[in-house]
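Participant: One structure coming up, written as structure tokens, with questions to follow.
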Amino acid sequence: MMIKVNYFDNQINFSDNLINNIEITNKSVFYRFVKDLYLVSNGDIVEDLIFLDSDKEVSNFKLSVISDYFNFGFDDRKNINSISKYLDDYVSEEDKVNLSKQYKNLLKVFRKILGDVEVPLEVDEEIDLISLSKMVKLSIKNKETLLENLLVMIDINNIIDINKMLIFINLKQFLTEEEIIELYKYSIYKNIKILLVDSQNYGATIKYEKKLIIDEN
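Structure follows, in structure tokens:
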């Protein structure tokens, strides 16, 4: 996988055993690049960014840009719908039958209540696992630490393949070097492509890291 950025001197090449970290000390270039990434994440086409996979250009590249590390939004509609669809394939037919029986028992009680209401109401006799997941308000539990939540995010993308890449903005401001290495190692193990973009230089590369530095010039 590769990203060509028309206003960078170097292209960004991704490998299976290294994580890319781009450190941009030129403030205007940093802002421009992050803004373009956000546009792509929203489904817009940015001519200055070209995504290649096996030397073939990929249109509508799916990526997520994360810069708010205090609100991960695990429970947004896209995540929950994708997880519900995953559960629909994962749960056995026997369990689906049992859930359907329990739902019908619930309907018996509910119909009795509706019988006393002077309005012609009706309920859906059949229900699938996706609808049931919404009914029970399926959610993803947040962890205590930032690193744990980042690992959950990688797990989510590993299981349901929402995005082709996760991009973290200024993440090194919030994690220790040991935590960054743990994140790198975990994403490599789970085969999830991640990219770190920082607005300052953090010195020498660390384990599992490949660094591109863009300075004021």
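Its first residue numbered 4, the sequence shown is counted upward by one per residue in this note's numbering. Ideal Cβ positions, reconstructed from N, Cα and C, are used throughout, including at glycine.
F75 and M156 look like a contact to me (Cβ under 8 angstroms); what is the Cβ gap, rounded to whole Å?
Facilitator: Correct: roughly 7 angstroms between the Cβ atoms.
Participant: When the Cα of D56 is compared with those of S18, V49, K210, K213, which residue comes out closest?
Facilitator: The residue with the shortest Cα to Cα distance from D56 is S18.
Participant: Can you grab the Cα-Cα spacing for the pair V94 / S103, in whole Å?
Facilitator: So the two alpha carbons sit approximately 13 angstroms from each other.
Participant: Would you kindly work out how many angstroms separate the C-alpha atoms of D119 and L109, rounded to a whole number?
Facilitator: When rounded, the distance between both Cα atoms is 17 angstroms.
Participant: Between G87 and V68, which are expected to be in contact by the criterion C-beta below 8 angstroms, what is the C-beta distance as a whole number of angstroms?
Facilitator: The question names Gly, but residue 87 is Ser in the sequence shown. Not really, about 24 angstroms apart at Cβ, beyond 8 angstroms.
Participant: Look at L132 and K107 and say whether their C-beta atoms are less than 8 angstroms apart.
Facilitator: No. Outside cutoff.
Participant: Put K175 into one of helix, strand or coil per three-state DSSP.
Facilitator: In this structure, K175 counts as helix in the three-state DSSP scheme.
Participant: In whole angstroms, give me the CA-to-CA distance for N23 and Q105.
Facilitator: Distance between the alpha carbons of N23 and Q105 is about 49 angstroms.
Participant: Going straight from the alpha carbon of S85 to that of V49, what length do you get?
Facilitator: Distance between the alpha carbons of S85 and V49: 26 angstroms.
Participant: What number of angstroms, rounded off, separates the C-alpha of F177 from the C-alpha of E26?
Facilitator: The straight-line gap from Cα to Cα measures roughly 15 angstroms.
Participant: Please classify M138 as buried or exposed, where buried requires at least 16 neighbouring CB atoms within 10 angstroms.
Facilitator: Exposed.
Participant: Closest by CA to F64, which one among Y41, N82, D78?
Facilitator: When each option's Cα is compared against that of F64, the closest is Y41.
Participant: What do you get for I195, buried or exposed, if any count of 16 or more other CB atoms within 10 angstroms of its CB means buried?
Facilitator: That one is buried.
Participant: So what does DSSP say about L40, is it helix, strand or coil?
Facilitator: Reduced to three states, the DSSP call for L40 is helix.
Participant: Suppose only complete runs of 4+ residues qualify. What are the alpha helix (DSSP H) ranges in the region 129 to 187, listed by chain order?
Facilitator: With a minimum length of 4 residues, the continuous alpha helix (DSSP H) runs that stay inside the region 129 to 187 are 132 to 138, 149 to 163.
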